[in-house]
Amino acid sequence: MVPVSYSVRNLMVRRTTTAATALGIGLVVFVFASVLMLGAGLQRAMGRSGSADVAIVLRAGSDAESSSGIELPAAGLVTASPEVRVRPDGRSDAVGEVVGVLALDRAGGEGMSNVQVRGVPDDVYRFRPSVHVVAGRAAAPGSDEVVVGAAIRGRFRGVDLGQSFEIKKNRRVRVVGVIEDRGSSFESEVWGDIDTVRAAFGREALVSSVRVGLRSAGQLDAFKRAIETNPQLGLTVKRESVYYEELAQGTTTFLTILGLMIAFFFSAGAMIGAMITMHASVAQRSREIGTLRALGFSRRSILASFLFESVVLSLAGGVVGALASLAMGLVRFNIVNFATWSEVVFTFVPTPSIVVSSLLFAALMGLLGGFFPAVRAARMNVLDALRA
Amino acid sequence: MSSPEESAAAPMVELTNVTKTFHRGAETLTVLDGLSLSIAEGSFEALMGPSGSGKSTLLNLVAGLDRATSGGVRVAGQDLTAMTDGDLAAFRARYIGFIFQSYNLMPVLTALENVELPLLLTKLPSADRKRRAATALRVVGLEDRADHYPRQLSGGQEQRVAIARALVNDPKIIVADEPTGDLDRKSADQILALLEKLNKDFKKTVVMVTHDPEAASHARVTHHLNKGAFQ
Ligand SMILES: Nc1ncnc2c1ncn2[C@@H]1O[C@H](COP(=O)(O)OP(=O)(O)OP(=O)(O)O)[C@@H](O)[C@H]1O
Ligand SMILES: [Mg+2]
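Chains as they are written, first to last, in my numbering: chain U, 122 to 509; chain A, 1122 to 1352.
Here is the structure:
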């Protein structure tokens, strides 16, 4: 084999060309990694809200809370199931909520956007201990007070501490607190008293969903079977984490495909860059190639050497691009979740697998871009190469 | 790869009725015209002749870099006419040491690494390769330049590194195409002395193309080529 140091040092000797080509690759990897981080951020914003040992019950045929409705007696039957955890106070560890979507004016005055409103019972914070009031206080039960998620605070007119907005024509609610929940989609919601929200959205005698804490995550199948096989209920059961993943799926897939398409078009440019660089390198070094062949190196080892050089070149760019993309972790973004048509705020989330796949993508660009130049080097006639 | 023909009695190089033609469009150019040549093992032979007479073409056939259009080519007991490209590469790696007019060292590799290159085609472990490369550099008197890059060496020193590279694999034959063509008299004499040393002390068969009668005088036999035939 042609030594590795031969390839690496040739790249270092052509410092400027190498840097320029690597930068082009780095740019593409930056876009690629950012898109994947976007997908991961969205997945987290949506999926974070779910836990494995919680089941969500919806009307059969609904795939989102906002389009589901369950009569109160049925909801009572659900929470009384034997698979449901019982709290020390003897009540079932469950929560029935009403969910609606509200169009609000953006704070900057540029049009409107949807926000998800959740009517919650008094003991909601017992059911969701990860949700914390980080400013102000919790809403008083049975009042016109609401708390808002940290991610949408200040982004809509009236949606900030001490302000108020209309939840329905002529029905104002006052913001008394701000909640956070590890970046989950609850941070993009408005939470009010269940009766207030019920009245505002005309959902009397209904809840949109029931969530129950299972005695263990393994109880889901038994619970699901018991509920879904009861024809009087007409309900469907999902593991909460799965429910949120499914909600995010469409948007994540759309974003990822869009981003990957952009990255793909950019990558064509970067690969052509790598190809031109490697072609020039092959032409410049044809006498060296001829010499190596004369010494007895095979066509295959020449091919491998130049492919390797191209991959190293691209990986160098890939490392730069991946590092730069990590800086995107500081950027916040809001986007409409197409499943609920409400706005979700999220961040770019770097994961080890994104870093790995970005580097693999860089290596792939190097392989493809370096392929024709390497083949050309390998196919050279020894004597022609020596004479050059 | 040892075969009965590889005995001392058989010549190291045996060309029989070799022709080499090139095609330029419709025109056919006969560069070697029914040429025969026999070189004994351990000999030092020079090829001379005017420019374009076919010296390099002939040397390339002996070195397994090119194929004869017709005729027999046997080198180091091997029939080169029957070989594939891959066989020829393996043949060159094993039997041939190359010395080029313009040295052809890899600019990004040090003197020692350049000398080590042919050993990368063997199964020798790294430490043995380094040791052999260092020994070869000592033979050409450049052990103190092992870590120098070609651009840090004079032309004569570069050619000595190239000789170490040609020697390191312990080939049967050294082929040199105008090895002193780019050098001044003093450096040229050093190179010629080294080639004689390879021939006498290391028992290498040496085939050298040259324009320089002084260089040819170091050879045991000088062949004069003119228009593709010996005079
Ligand atoms: N690949 C080729 N295609 C066409 N013609 C060629 C090719 N290689 C060599 N020739 C021709 O063959 C002839 C002999 O070339 P060769 O290189 O063997 O000469 P030479 O004796 O080594 O000359 P010099 O002393 O100038 O190196 C020349 O006329 C040359 O143009
Ligand atoms: Mg010549």
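The C-beta atom is built at its ideal place from N, Cα and C for all residues, glycine as well.
Taking the beta carbon of Glu409(U) as reference, the chain A residues within 7 Å of it are Met1227, listed in sequence order.
In this structure, the C-beta of Lys1176(A) approaches ligand 2 to less than 7 Å from one of its heavy atoms. With at least 16 other beta carbons inside 10 angstroms of its own, Val199(U) counts as buried. In this structure, ligand 1 has a non-hydrogen atom nearer than 7 Å to the beta-carbon of Leu1150(A). Taking all protein chains in view, the Cβ of Ile378(U) is surrounded by fewer than 16 other Cβ atoms within 10 Å, so the residue is classified as exposed. Residues of the stretch 1178 to 1196 of chain A that bring their beta carbon within less than 7 Å of a beta carbon in chain U comprise Asn1181, Leu1186 and Asp1187, in sequence order. Under the 8 Å criterion on CB atoms, Phe1143(A) is classed as non-interfacial with respect to chain U. In the DSSP assignment, the residues bridged to Ser330(U) are Glu218(U).
For Gly1207(A), the chain U residues whose C-beta falls within less than 7 Å of its own C-beta are Ser419, listed in chain order.
Between Leu225(U) and the set Ala261(U), Ile288(U), Ile146(U) and Val254(U), the nearest pair of CA atoms involves Ile288(U).
Relative to the non-hydrogen atoms of ligand 2, the Cβ of Asp1187(A) never comes closer than 7 Å to any of them. Bridge pairing for Ala256(U): Val299(U) [DSSP].
Straight-line spacing of the CA atoms in Asn502(U) and Val1236(A) works out to 24 Å. In the DSSP assignment, His1344(A) falls within the beta strand (DSSP E) that extends over Val1342 to Asn1347.
Taking the beta carbon of Pro1239(A) as reference, the chain U residues within 8 Å of it are Leu416 and Gly417, listed in sequence order. Beyond the five residues adjoining it in sequence on each side, Arg276(U) comes within less than 6 Å, by CB distance, of Ala228 in the same chain, given in chain order. Across the structure, Pro262(U) and Asp316(U) are spaced so that their CA atoms are roughly 9 Å apart. For Arg1281(A), no chain U residue has a C-beta closer than 7 Å to its own C-beta; the minimum C-beta separation is roughly 17 Å. Closest option to Thr1137(A), judged by alpha-carbon separation, among Asp1154(A), Gly1146(A) and Gly1207(A): Asp1154(A). Asn1290(A) sits in coil when the DSSP states are folded into three classes, being neither helix nor strand. The C-beta distance from Leu335(U) to Asp174(U) rounds to 5 Å, short enough to fall under 8 Å. Excluding residues up to 5 positions away in sequence, Ala1167 and Ala1297 lie with their Cβ nearer than 6 Å to the Cβ of Met1329(A) in the same chain. DSSP places Ala320(U) within a helical segment (H, G or I) once states are collapsed to three. Taking 8 Å as the cut-off, the beta carbon of Leu1240(A) is found closer than this to the beta carbon of Asn1290(A). If you check the C-beta of Phe386(U) against ligand 1, you find no heavy atom less than 7 Å away. Nearest to Leu1346(A) by alpha-carbon distance, out of Glu1135(A), Arg1145(A) and Val1152(A), is Val1152(A). Taking the Cβ atoms as the reference, Val1196(A) lies roughly 7 Å from Gly1185(A), within the contact range of under 8 Å. For His400(U), the enclosing alpha helix (DSSP H) starts and ends at Glu361 to Gln405. Under the three-state reduction of DSSP, Leu354(U) is assigned to coil, being neither helix nor strand.
With contacts defined by Cβ atoms closer than 8 Å, Gly1349(A) and Gly1163(A) do not form a contacting pair. For Phe1143(A), the shortest C-beta to heavy atom distance toward ligand 1 is below 7 Å. Secondary structure of Leu1230(A) (DSSP, three-state): coil.
When C-beta distances to chain A are compared with 9 Å, every residue of the stretch 388 to 402 of chain U stays at or above that value. Gly1155(A) has its Cβ no nearer than 7 Å to any heavy atom of ligand 1. Around the beta carbon of His1344(A), 16 or more other beta carbons sit within 10 angstroms, so the residue counts as buried.
Proximity of the beta carbon of Val1330(A) to ligand 2 is indicated: a heavy atom of the ligand is located closer than 7 Å.
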